[in-house]
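**Student:**
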Amino acid sequence: MPVLLSPEQAPDLPSLLNAANTAGLEYTLPNPEAAAQLRVRGLGSLTSAQSAEVSFLSNPRLSDQLLSTQAGAVVLTPADWEQLQANTATPAFVPVLCPQPYVMYALLAQWFDQHRIQNLPAGIHPTAVVHPEAKIGAGVSIGPFSVIEAGAQIGDHTRIGPHCVVGAGTVLGQANLLHAGVTLYHNVVVGSRCIFHSGAVLGADGFGFAPAPDKSGAWVKIAQLGQVIIGDDVEIGANTTVDRGALEATRIGNGVKLDNQIMIGHNVQVGDHTAMAACVGVAGSTRIGQRCTIGGAAMLSGHLVLGDDVHISGGTAVTSNISAPGRYTGVFPHAEHRDWQRNAAVLSQLSTLRQRLRKLENK
Amino acid sequence: MPVLLSPEQAPDLPSLLNAANTAGLEYTLPNPEAAAQLRVRGLGSLTSAQSAEVSFLSNPRLSDQLLSTQAGAVVLTPADWEQLQANTATPAFVPVLCPQPYVMYALLAQWFDQHRIQNLPAGIHPTAVVHPEAKIGAGVSIGPFSVIEAGAQIGDHTRIGPHCVVGAGTVLGQANLLHAGVTLYHNVVVGSRCIFHSGAVLGADGFGFAPAPDKSGAWVKIAQLGQVIIGDDVEIGANTTVDRGALEATRIGNGVKLDNQIMIGHNVQVGDHTAMAACVGVAGSTRIGQRCTIGGAAMLSGHLVLGDDVHISGGTAVTSNISAPGRYTGVFPHAEHRDWQRNAAVLSQLSTLRQRLRKLENK
Amino acid sequence: MPVLLSPEQAPDLPSLLNAANTAGLEYTLPNPEAAAQLRVRGLGSLTSAQSAEVSFLSNPRLSDQLLSTQAGAVVLTPADWEQLQANTATPAFVPVLCPQPYVMYALLAQWFDQHRIQNLPAGIHPTAVVHPEAKIGAGVSIGPFSVIEAGAQIGDHTRIGPHCVVGAGTVLGQANLLHAGVTLYHNVVVGSRCIFHSGAVLGADGFGFAPAPDKSGAWVKIAQLGQVIIGDDVEIGANTTVDRGALEATRIGNGVKLDNQIMIGHNVQVGDHTAMAACVGVAGSTRIGQRCTIGGAAMLSGHLVLGDDVHISGGTAVTSNISAPGRYTGVFPHAEHRDWQRNAAVLSQLSTLRQRLRKLENK
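Protein chains in written order, with this note's numbering: chain F, 5 to 367; chain X, 5 to 367; chain E, 5 to 367.
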């Protein structure tokens with residue numbers, strides 16, 4: 005971890021766990037004296053953590069690394085701890101026993117990140133252009149050169165980085181974090197506790213055109229009058245785009261997580277807690293259920309319906325509805341180029357191949 | 005539709021149609037008295053429009069919605085209107101009979117969007133940095149923190165949002181609209197009436213490198229000295245990139261529509277009225293004809309030639325020339341993961357499968 | 005080439021070659037008198053170059069163009085020159101004989117581009133916001149509205165365009181070029197002589213979440229505490245994103261070239277001199293060797309290892325490790341839509357097709 009707390013800032017392990025464990029996870033410290041003496045300056049993986057850092061074991065296949073880790077403390081399950089003690093002499097690290105080490109790691113990482121962010125400047129930078137008819141809540145920070153247009157509303161404790169635009173009539177709830185260079189067009193609605201990364205664009209026009217009546221091949225733009233409505237606790241990655249609806253809204257549910265460079269077309273609906281990896285494209289009017297996962301670079305055609313708990317593998321093109329929960333895939337496997345050439349050439353004959361097989365079978 | 009006109013701003017239906025129908029579409033109002041009394045505050049779909057909103061029927065399969073719509077008026081074809089009257093009692097809405105309801109909807113939506121945009125501030129924002137050697141036309145607006153470099157030219161009535169860059173020597177025609185955060189490098193040429201969305205980047209260097217003469221594996225940059233030349237009436241989506249040519253120009257024809265997150269490589273040529281959905285990539289020097297459509301996430305290799313009226317399905321990789329008009333596809337269909345695994349495993353044996361079949365046939 | 009030097013600025017050919025050939029390439033001028041008289045104002049292809057421009061022949065298949073080119077001078081191999089003289093009367097252009105015409109062209113293009121860039125304004129623009137605790141080297145230029153945060157370091161002669169952000173604690177080496185609108189988050193480390201294009205985002209959070217302990221389907225964010233570390237001579241294209249590591253660093257080696265709209269996930273490692281074409285996605289923790297090339301729109305799954313000198317064709321999904329050098333491909337070939345439909349339908353039966361074939365063989 006590149007930025008460590010100074011030794012004076014570093015909390016002792018019990019205090020850190022107490023402060024970071026906002027989810028109320030159960031945990032025990034079998035060695036409370038050593039824990040109280042450990043001042044924690046950062047986090048690290050089992051192979052890289054140093055003596056003032058906490059590490060964790062979430063994948064049992066990596067339990068060998070417990071024998072050699074330099075970490076000052078390790079979060080691990082009671083079962084892994086028991087097994088370690090059965091196989092080896094007492095390890096050098098301070099154990100933190102927790103049934104969910106990965107969640108505890110997430111909470112610890114949030115604590116360290118918060119510490120960093122609290123060092124950032126607060127308030128409205130003098131260069132920001134805030135329209136007199138915008139409503140700015142308490143404890144809001146707005147970075148240099150950001151633009152807040154007429155009728156925009158910024159909820160309490162929302163932080164906005166440099167070079168952001170909050171368009172006319174756009175409403176942001178509380179405690180959102182907009183990194184540098186986020187652009188929200190007009191009449192976008194955002195819940196609370198969202199995180200938007202640099203280059204994200206919410207509310208650009210959906211892609212709608214009617215063929216010109218003169219049959220010249222030209223296109224008549226369909227102005228996009230709808231909204232983008234984002235729930236609470238949504239994270240949107242760098243350079244991801246969510247287009248506004250044609251007449252109604254493009255809707256992103258609560259707790260949705262979108263990675264970088266994702267494209268959400270107009271009128272799309274994404275259900276609560278669905279997560280998409282980078283480079284996914286979702287074409288217009290498609291509805292995705294709750295708790296789905298969409299692998300990287302997957303592509304969903306327009307006007308589809310995907311049910312809840314549907315999991316799409318990376319690189320898959322989804323071109324028809326999927327109602328049943330489960331995992332779905334459609335990827336051409338890679339091979340050495342010559343082998344691929346040889347086999348790909350047969351693809352254009354698959355149908356006749358089947359006919360020839362039938363003919364043989366009917367002999 | 006989120007933003008309605010106030011009742012005082014709302015025009016009556018005949019006036020609205022008269023003002024919006026800039027394409028000279030034919031239409032009739034069978035019930036002129038009711039039409040004159042309807043004050044229109046917005047647009048909506050058949051299922052969502054309210055009594056002060058206009059809706060439309062462009063897909064005959066949705067004609068059932070005419071029976072229950074709450075819309076104040078509906079644009080529909082004379083044939084659909086006749087059929088409705090044959091099947092049902094007089095509907096509650098005011099009919100607007102037009103052979104091209106979808107185009108009329110497009111024009112009405114443009115009218116409402118124009119109304120919104122006319123409310124935006126005009127003029128050059130005091131924070132904008134405009135080089136004294138730039139030429140700025142009449143009625144130009146430039147948003148906060150935009151930068152207009154030396155030798156740039158901005159045609160009359162072009163509107164530029166906040167955080168835009170118009171590079172040295174770049175020329176914009178008349179009545180263009182650049183949303184927030186559009187970056188035009190130096191020596192880009194843009195026609196008139198174009199719309200560029202946030203995060204679009206035109207004129208970045210094409211991807212050109214020569215292997216270093218020392219055979220170290222290093223690359224020598226080929227500086228990209230060409231231009232980007234954009235026609236009239238072009239729309240370019242959010243975070244789309246169009247690279248400058250190596251020596252000559254990358255050219256985007258008149259009336260081309262590019263959705264979000266599209267990548268156009270250097271020296272590419274795109275013919276008039278071609279439209280591309282989001283996430284398409286076009287590699288360097290490929291030439292695409294007129295009136296083509298390229299589906300979302302399709303990929304075109306470099307140095308290809310596609311003729312006019314070629315239609316590429318979403319997700320298709322095009323790796324060779326296509327001269328004949330028509331629709332072309334190449335997508336691995338998705339399936340349940342286990343089924344896919346079972347079938348994909350055979351892909352690496354297709355060539356031998358064919359040989360085995362031949363052997364049986366020759367028995 | 006759109007921007008020519010004025011006749012007064014134009015160097016004679018021997019002086020130009022002397023100034024541009026920073027790589028020490030061998031070359032000869034068989035006609036030194038004519039060379040000395042040629043004043044070079046720009047570069048062009050064989051088919052477009054004018055009499056004051058230099059062109060080059062790097063692809064022998066285009067040697068016919070030597071007969072009709074209007075170029076004032078042409079860089080070509082001694083062998084091509086010999087063959088030309090055997091087949092034809094003395095050509096009109098001044099020959100420059102060089103075993104590596106493409107590299108010489110690259111160097112000449114760099115020279116012309118440098119000339120353009122030296123005309124750009126230097127120094128720190130008065131609107132830039134530079135934190136008093138940032139360290140700014142000698143000869144640094146910073147464009148309008150750029151933001152340099154606390155603890156950032158900018159090495160000598162680095163040029164930063166408008167609307168850039170250099171985050172807290174981020175370190176840039178010498179002679180880097182950041183075009184307009186590049187965003188570097190906190191604690192990013194960049195070597196020297198890198199070029200970053202508009203819209204590039206380095207250091208946004210990697211995509212890491214733990215399932216919430218309440219099993220609601222919600223996600224707990226794993227704050228990303230690692231870094232992005234970029235080597236020397238790296239070029240990063242427009243709207244490309246490189247995420248920061250979860251605990252350690254995402255690393256881009258020396259001489260790596262990334263085209264536009266590429267996504268590099270957290271903890272990825274890219275070896276020296278590897279080049280990726282546009283729209284590639286690399287998922288988290290994947291390690292790519294040296295001197296690899298990744299074709300456009302290829303997708304690499306997470307946690308993979310690719311060895312040195314691996315070449316991936318455009319559009320290929322790589323879902324397993326590749327250790328041996330060579331070319332690898334996995335693309336569904338495009339076809340006319342009906343043919344594709346007919347053949348794609350058989351894909352879901354490949355496994356049973358093989359079984360039926362076996363059955364026949366065992367008869």
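Note that CB positions come from ideal geometry on N, CA and C, so glycine has one too.
Would you grab the beta carbon distance between residue 303 (chain F) and residue 321 (chain F) for me? Rounded to a whole angstrom, and I think it's under 8 Å.
**Tutor:** 5 Å
**Student:** Please classify residue 307 (chain E): is it buried, with 16 or more other beta-carbons within 10 angstroms of its beta-carbon, or exposed?
**Tutor:** Residue 307 (chain E) should be labelled exposed.
**Student:** Can the beta-carbon of residue 58 (chain F) be found closer than 8 Å to that of residue 15 (chain F)?
**Tutor:** no
**Student:** Using a Cβ-Cβ cutoff of less than 6 Å, which residues in the same chain neighbour residue 1 (chain E) once the five nearest sequence positions on both sides are dropped?
**Tutor:** No answer is possible for residue 1 (chain E): it lies beyond the span of chain E, which begins at 5 and ends at 367.
**Student:** Roughly how many angstroms separate the alpha carbons of residue 294 (chain E) and residue 271 (chain E), rounded to a whole number?
**Tutor:** 17 Å
**Student:** Give the DSSP-derived three-state secondary structure of residue 134 (chain E) in the structure shown.
**Tutor:** strand
**Student:** If contact means a Cβ-Cβ distance below 7 Å, which residues of the stretch 91 to 118 of chain E contact chain F?
**Tutor:** none
**Student:** If you measure from the beta carbon of residue 166 (chain X) to each beta carbon in chain F, is any gap under 8 Å?
**Tutor:** yes
**Student:** For a test of the three-state rule: what should DSSP assign to residue 167 (chain X), helix, strand or coil?
**Tutor:** coil
**Student:** Look up residue 341 (chain F) in the DSSP assignment and say whether it is helix, strand or coil.
**Tutor:** helix
**Student:** With a cut-off of 8 Å, does the C-beta of residue 205 (chain E) fall near any C-beta of chain F?
**Tutor:** yes
**Student:** Any beta carbon of chain F sitting closer than 8 Å to that of residue 346 (chain E)?
**Tutor:** yes
**Student:** Quick one: is residue 331 (chain E) near chain F, going by C-beta distance under 8 Å?
**Tutor:** yes
**Student:** Going by C-alpha distance, which of X:68, X:74, X:107 and X:102 is nearest residue 91 (chain X)?
**Tutor:** X:68
**Student:** Could you tell me if residue 365 (chain X) is buried or exposed, where buried requires 16 or more neighbouring beta carbons within 10 angstroms of its beta carbon?
**Tutor:** exposed
**Student:** Under 8 Å between beta-carbons, which chain E residues line up against residue 358 (chain F)? List them in chain order, please.
**Tutor:** Listed along the chain, the chain E residues whose CB falls inside 8 Å of the CB of residue 358 (chain F) are 350, 353 and 357.
**Student:** Which chain X residues are close to residue 285 (chain F), counting only those with a beta carbon under 7 Å from its beta carbon?
**Tutor:** The contact set of residue 285 (chain F) on chain X, defined by CB atoms closer than 7 Å, consists of 282, 283, 300 and 301 in chain order.
**Student:** Compare the C-beta of residue 336 (chain E) with all C-beta atoms of chain X and state if any pair is closer than 8 Å.
**Tutor:** yes
**Student:** So what's residue 215 (chain X) in DSSP terms, helix, strand or just coil?
**Tutor:** strand
**Student:** To the nearest angstrom, how far is the alpha carbon of residue 326 (chain F) from that of residue 268 (chain X)?
**Tutor:** 33 Å
**Student:** Does the stretch 220 to 232 of chain F come close enough to the stretch 222 to 237 of chain E that 3 or more CB-CB pairs lie under 8 Å?
**Tutor:** With a cut-off of 8 Å, the stretch 220 to 232 of chain F and the stretch 222 to 237 of chain E do not count as touching, because too few Cβ pairs lie within range.
**Student:** State yes or no: is the beta carbon of residue 241 (chain F) nearer than 8 Å to at least one beta carbon in chain E?
**Tutor:** Yes, contact with chain E.
**Student:** What does residue 297 (chain F) touch in chain X if you count any residue whose Cβ is under 8 Å from its own?
**Tutor:** Going along chain X, no residue has its Cβ under 8 Å from residue 297 (chain F), so there is no contact; the nearest lies around 13 Å.
**Student:** If you measure between the beta carbons of residue 242 (chain F) and residue 241 (chain X), is that distance less than 8 Å?
**Tutor:** Contact: no.
**Student:** Nearest to residue 98 (chain E) by CA position, among E:152, E:50, E:159 and E:276, is which residue?
**Tutor:** E:50
**Student:** Output needed for residue 62 (chain X): all residues of its chain with C-beta closer than 6 Å, excluding positions within five of it in sequence on either side, in chain order.
**Tutor:** Here the set comprises 105 and 106.
**Student:** For the alpha helix (DSSP H) that residue 359 (chain E) lies in, which residues bound it at each end?
**Tutor:** 354 to 365
**Student:** Starting from residue 261 (chain E), find everything on chain X with Cβ-Cβ shorter than 9 Å and list it in chain order.
**Tutor:** 211, 213, 223 and 225
**Student:** In or out: residue 28 (chain E) buried (at least 16 other Cβ within 10 Å) or exposed?
**Tutor:** Residue 28 (chain E) counts as exposed, since fewer than 16 other beta carbons sit within 10 angstroms of its beta carbon.
**Student:** First and last residue of the alpha helix (DSSP H) that includes residue 90 (chain E)?
**Tutor:** 82 to 91
**Student:** Against chain X, with Cβ distances strictly below 8 Å, would residue 2 (chain F) count as a contact?
**Tutor:** Residue 2 (chain F) falls outside the range modelled here, since chain F spans only 5 to 367, and no answer is possible.
**Student:** What whole-angstrom Cβ distance do residue 318 (chain X) and residue 300 (chain X) have, given they're in contact under 8 Å?
**Tutor:** In this structure, residue 318 (chain X) and residue 300 (chain X) form a Cβ contact; the two beta carbons are roughly 4 Å apart against a cut-off of 8 Å.
**Student:** Given residue 190 (chain X), which residues of its chain have a CB within under 8 Å of its CB, disregarding the five upstream and five downstream residues?
**Tutor:** 153, 171, 172, 173, 174 and 207
**Student:** What's the call for residue 65 (chain X), buried or exposed, on a 16-neighbour Cβ count within 10 Å?
**Tutor:** The residue in question, residue 65 (chain X), is exposed, as its Cβ has fewer than 16 Cβ neighbours within 10 Å.
**Student:** For residue 149 (chain F) and chain E, any beta-carbon pair shorter than 8 Å?
**Tutor:** yes
**Student:** Does residue 144 (chain F) come out as helix, strand or coil in the three-state DSSP assignment?
**Tutor:** coil
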